[in-house]
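First comes the structure, then the notes that go with it.
In full-length UniProt numbering, the protein residues as written are 1 to 524.
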């Protein structure tokens, strides 16, 4: 493709046509009809005769709509990479001192290249408003950030379309100039270039820096319609089909639905709720936890809108990334250990430190997590639905201190108290001091397993029973639970440092647990 302007008449016509077709034919759920964000960037169009960039409040937008007799106000949203801290610092933002001025006028020359191109694209599609996080949230006002951040779910799910910039790794790089470095569609595994619209988009999607960033995850999952900007072509996508700029007539069907679709279905049936929870545990969280953050402390915040969308519509309670109604399942997560030694893991789990993100029992407790899985997906041959599970522990509602008033945002500290059977791990050791082959299944949150570590730490490890299952066609229970390590002997608190399962054929080894009195234990 030769260098030049990518916003051709043919491209604009294709996008308008696909958006119009979607509006006419698709029945996408609208969770909040008539929703308008707290602030929008007014960009105008040639049709309205006013294209002076400025911020407008929700009240101003409503007032203009009432005066013009417009039933609803359409706006677009932008999803993009901020880039390096230096690039992000240089982009035009709304801050406390500039808020008043931005309501009057934002000079076009102040905009970062990616936002400037988003304004051009949105105007060409006859939409007067654009939502951009850097401009529509006051970046140096923590109260505004805590208030607006969880509302991103409503922002993206109610946007007329979202512009998703795959071909730019930074806000200082525009996307409407053709040519230049990085213009490449990776071949498929067999070395062939993808030919279908979904194949082309998937190749561009996998190669994009945008796909690796934490914040863009919920922006994609919540959007009803999307314009993906790839290195060589643009795509229109909704939850029914994908069309590529260079072959719009060859539409590819889409199987995976958006979060609003799944939430709408879940709110009407128990089966829908179960399907949505399985999707959360076995699809969304493994994808999301693998993404990176400039600030690891944003990990819960950057998925808060997805969680809020789910919680508000199905009535489930949320605590540090887990759903209380599924706690006996969601405590049983595992990931590739990021720590070699248990001592290092314990040091990083202590609350109150600068790197604290979530309690030890939450999958969100560290920044980027590789290979996150839940017990049944990993240990039951990829099975996608947990059946035959029974809660054995009496779990209290977790006590969470959030930073801010919203339960979905960043956590300051949290604890989970339960009454259940507990036994020392070393009570299972026989003969030589080693566990019998295949006797128990353990997945620790640290990787080293030498004799020195066994002798130093195994004596302190506790097995905390969470539940049992009879899902293998047998009436005998298989116990499962978490491996815990003392956090503070004085308070009797523990850290979660692994998970375990006892297969049926070795159930006799846990007879001691069955006869034990339950005790109260608190995991922090």
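Yeah, the Cβ is synthetic: ideal placement off N, Cα and C, and Gly gets one too.
1) Identify which residue in 482, 335, 427 has its Cα closest to the Cα of residue 459.
2) From what residue to what residue does the alpha helix (DSSP H) around residue 66 run?
3) What are the boundary residues of the beta strand (DSSP E) that includes residue 215?
4) Express the C-alpha separation of residue 343 and residue 38 in angstroms, rounding to a whole number.
5) Considering only C-alpha positions, which residue in the set 178, 292, 225, 25 is nearest to residue 238?
6) Flag this pair as yes or no: are the beta carbons of residue 29 and residue 294 separated by less than 9 Å?
7) Inspect the beta-carbon positions of residue 166 and residue 134 and report whether they are closer than 9 Å.
8) Check whether the Cβ atoms of residue 273 and residue 288 sit closer than 9 Å, and answer yes or no.
9) Could you check whether residue 256 and residue 162 sit closer than 9 Å to each other, using their CB atoms as the reference points?
10) Counting only the same chain and skipping the five closest in sequence on each side, list residues whose C-beta sits under 6 Å from that of residue 158.
11) In this structure, does DSSP put residue 527 in helix, strand or coil?
12) Given a threshold of 16 other Cβ atoms within 10 Å of its Cβ, counted over all protein chains shown, does residue 117 qualify as buried or as exposed?
13) Which residues does DSSP list as the beta-bridge partners of residue 24?
14) Report the rounded CA-to-CA distance for residue 484 versus residue 141, giving the unit in angstroms.
15) Who does residue 418 pair with in a DSSP beta bridge?
16) Do residue 521 and residue 492 have their CB atoms nearer than 9 Å?
17) Classify residue 107: buried if its beta carbon has 16 or more other beta carbons within 10 angstroms, exposed otherwise.
18) Which parts of the UniProt domain "Heterokaryon incompatibility" (75-219) are runs of the beta strand (DSSP E), unbroken and 3 residues or longer, counting only runs that do not cross its ends?
19) Alpha carbon to alpha carbon, what distance is there between residue 76 and residue 249?
20) Beta-carbon separation of residue 308 and residue 404 under 9 Å?
21) Under the rule that 16 or more other beta-carbon atoms within 10 Å means buried, what is residue 354, buried or exposed?
22) Where does residue 101 land, buried or exposed, given buried means 16+ other C-beta within 10 angstroms?
23) Do three or more CB pairs link the segment 260-273 to the segment 326-333 at distances below 8 Å?
24) Do you know how far the Cα of residue 495 is from the Cα of residue 400?
25) Just reading off the alpha helix (DSSP H) that residue 347 is part of, what are its end residues?
26) What is the DSSP secondary structure of residue 8, counted as helix, strand or coil?
27) Considering only C-alpha positions, which residue in the set 488, 409, 373, 7 is nearest to residue 279?
28) Classify residue 309 as helix, strand or coil using the three-state DSSP reduction.
On the basis of the supplied data:
1) 427
2) 58-68
3) That residue, residue 215, is in no beta strand (DSSP E); its alpha helix (DSSP H) goes 215-222.
4) 47 Å
5) 225
6) no
7) no
8) no
9) no
10) 32, 35
11) Beyond the ends of the chain as shown, which are 1 and 524, falls residue 527; an answer cannot be given.
12) buried
13) DSSP, once it has assigned bridges, lists no residue as partnering residue 24.
14) 39 Å
15) 395, 521
16) yes
17) exposed
18) 75-79, 129-131, 161-165
19) 24 Å
20) no
21) exposed
22) exposed
23) no
24) 16 Å
25) 342-349
26) coil
27) 373
28) helix
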